[in-house]
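So for the sequence shown, the working numbering puts the first residue at 4; every next one is plus one. Glycine included, each C-beta is placed from N, C-alpha and C at the ideal position.
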Amino acid sequence: MSLLDKRASGILMHISSLPDDFGIGTFGSNAYRFVDFLVRSGQTYWQILPIGPTSFGDSPYQSFSTFAGNPYFIDLKILSKQGFLKRDDFQNLDWGKNPRVVDYSLLYKNRKIVFNKLYENFVQFIPPDFNTFCAENNFWLDDYALFMALKDLNDSLSFYEWDDLLKKRRKSELEKYKKTCADKILYHKMLQYFFFKQWNELKTYANKNGIKIIGDLPIYVSSDSADVWSNPNLFYLNEDLVPIEVAGCPPDAFSTKGQLWGNPVYDWNFMKKSEYAWWKKRIFMGLKFYDVIRIDHFRGLDSYYAIPYGSEDATNGKWKKGPGIDFINSLKKDLGELPLIAEDLGFLTLSVKRLLKQSDFMGMKVLQFAFDSKDGEEYLPFNYSKNTVVYTGTHDNNTLKGWIDSCYHSCVDYACNFFRIQDKAKLAEEMMICALSSVSNICILTIQDLIGLGSEARMNTPSVVGGNWTWRATTEEMDSISETKLKYFTELYGRKSTEHI
């Protein structure tokens, strides 16, 4: 029996949303406390969002690298205990006045101050395993560290705006800057070293206590990334490395102009010639980061929506054929059976459904969609299969309370009738209990719903610029969750983990 065949449940909470005194959630003590909370409440999974370094807009789905980690998640207190920092180096800086909001502008400014001090101390005593880390990760780390060093040198400008010789990676030019930027390159490698050291220690602690990590792998990468800069042949670019087409979603009932993501689309024909080697490295690394991977926008493997570069919106895009089952079979051939969850939400053709069935990956069900979607019948619990993960909502949805307060009355009335209740104040809890009781092998609840928060705690509103990815929980809110009730319903519906020690 594979991991995902077992009936279980877990909680969706991104690292950034953990309580912390220094501006953002980290791999520190509150992350370990969250693991302990999962254990006490009978859970098996901790699901997080992508953990790559974020760029403009702060979205974890737009990262400078698909392989690197976000230095913001490095815990400063741990570094202090290890002697790499002093408390005075960080505790008196301004990390924001609101403990419920990540202030990314302050983080950018003040983390740089702290990390510069960290680097001064690091070069005085480089840990003995640092060179081993660099050697084991050189297939991505060298290019990433050079890319970030060059961004620093170019005032954080996109690599499309760099000098042409650097943009197009002229060998003699790169060798020159590897020497002149040696300190900055080492600086960025140092940050990755501390990130992965702390992450691996946290994941080991979670696994030893029976908690598995579900990580999120965006199907696309950011246009301004080390991935595109160092591997331009993998993407559909012109001779100046500018995308010819970019990814997005067509107009639908939720967005009249569609969604323009802006990520460069892949040159799947080129990738096939290499037997999808870059993707295999990506999945292999993902399974070192996590125990289970959720592939975002799975339908893009069947067919993807390509929009001409420079378009103002997504209205004039076209559907194009993706790599399909050939890609998935190639992954399985080299990597074996994969613990993958396919994000198969949105408009699904028969072809996409057939690909999901052929792949044997788990699909997703979102309970909110059952009551406010034109395709709602597919999301009603009596239509689920075991090989699915049921969510009350994802990072792109409103919280349950927010959904109930803002949705059409007819949708809320329908949900109340479905659950045989008259008081809508009880609806959120009934929906969580329903998800736990469903036939789906895996059930994932959100931390916002367990606390009982409204729209103010929403993580992301698609197609809306600004205000996303900032929500954080407070220690008091985390302590308000009834572990006893959660454990009771987890046990009642056969989802309690048997691996806890």
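What are the start and end residues of the alpha helix (DSSP H) that includes residue i?
i    : result
S333 : 327-338
N212 : Run containing N212: none; DSSP gives neither H nor E here.
N400 : Where N400 is concerned, there is no enclosing alpha helix (DSSP H), given that its DSSP letter is neither H nor E.
W232 : 229-233
Q361 : 353-362
C184 : C184 -> no alpha helix (DSSP H), and no H or E assigned at all.
Y35  : 32-43
T505 : Given a span of 4 to 504 for the chain in the structure shown, any question on residue 505 remains unanswerable.
Y491 : 486-495
S83  : 79-84
Helix, strand or coil: which one does DSSP assign to residue i?
i    : result
Y307 : strand
A345 : strand
C410 : coil
K368 : strand
P465 : coil
S19  : helix
R297 : strand
W282 : helix
P246 : strand
S66  : strand
T57  : strand
F287 : helix
L383 : coil
R172 : coil
Q201 : helix
Y312 : coil
F142 : helix
K275 : helix
N420 : helix
Y436 : The sequence shown places Ile at residue 436, rather than the Tyr named in the question. It is helical.
D378 : coil
V442 : coil
S226 : coil
G72  : coil
G455 : coil
N134 : helix
By the DSSP assignment, the beta strand (DSSP E) with residue i in it spans what residues?
i    : result
T391 : 391-394
R114 : Where R114 is concerned, there is no enclosing beta strand (DSSP E), although the alpha helix (DSSP H) it sits in stretches over 107-125.
I447 : 445-449
K321 : 321-324
Which residues does DSSP list as the beta-bridge partners of residue i?
i    : result
G251 : L263
W49  : I14, I216
F238 : Y269
W474 : V104
Tell whether a beta-carbon distance below 8 Å holds between residue i and residue j.
i    : j    : result
G349 : R10  : no
Y3   : L334 : The chain is shown only over 4 to 504; residue 3 falls outside these bounds and no answer can be derived.
I214 : Y312 : no
D121 : F76  : Per the sequence presented here, residue 121 reads as Leu, with Asp not at that position. In this structure, F76 does not lie closer than 8 Å to L121 by Cβ.
I344 : V392 : yes
L41  : I445 : no
S68  : S226 : no
F150 : W282 : no
Q510 : T493 : This structure leaves residue 510 out entirely; the chain is present only between 4 and 504.
K490 : S443 : no
D219 : D299 : yes
V105 : T397 : no
P102 : T352 : no
G72  : G55  : yes
R544 : I217 : The structure shown does not extend to residue 544, since the chain is modelled only from 4 to 504, so the question has no answer here.
Y48  : I447 : yes
Y163 : L244 : yes
S485 : I454 : no
P221 : Y64  : yes
N308 : A373 : The sequence shown places Tyr at residue 308, rather than the Asn named in the question. Against a cut-off of 8 Å, the Cβ pair of A373 and Y308 comes out as no contact.
Hey, is residue i's beta-carbon within less than 8 Å of any beta-carbon in chain D?
i    : result
A418 : Among the chains of the structure shown, chain D does not appear; only one protein chain is present.
Should residue i be counted as a contact of the ligand FMN given a C-beta to heavy atom distance under 7 Å?
i   : result
S62 : Of the ligands one can find in the structure shown there are none, so the ligand FMN has no counterpart to examine.
**OP:** Please determine if the region 300-309 and the region 349-362 are in contact, where contact requires at least 3 C-beta pairs separated by less than 8 Å.
**Re:** yes
**OP:** Could you tell me whether the region 324-331 touches the region 373-380, where touching means 3 or more Cβ pairs closer than 8 Å?
**Re:** no
**OP:** Report yes or no: do three or more beta-carbon pairs, one from the region 185-200 and one from the region 31-38, lie closer than 8 Å?
**Re:** no
Original post:
Any chance the region 427-441 sits against the region 396-407, with 3 or more Cβ pairs inside 8 Å?
Top reply: yes
Original post:
Does the region 223-238 touch the region 317-324, meaning 3 or more C-beta pairs lie closer than 8 Å?
Top reply: no
Original post:
Would the region 462-478 and the region 405-423 be scored as touching if the rule is three or more Cβ pairs under 8 Å?
Top reply: no
**OP:** Examine the Cβ distances between the region 181-189 and the region 16-25 and report whether three or more of them are shorter than 8 Å.
**Re:** no
Subject >> the region 166-185 touching the region 259-266, judged by at least three CB pairs closer than 8 Å >> reply: no
Original post:
With a cut-off of 8 Å, do at least 3 Cβ pairs link the region 204-214 to the region 271-290?
Top reply: no
Subject >> Sufficient close CB pairs (3 or more, under 8 Å) joining the region 111-119 to the region 88-98 >> reply: yes
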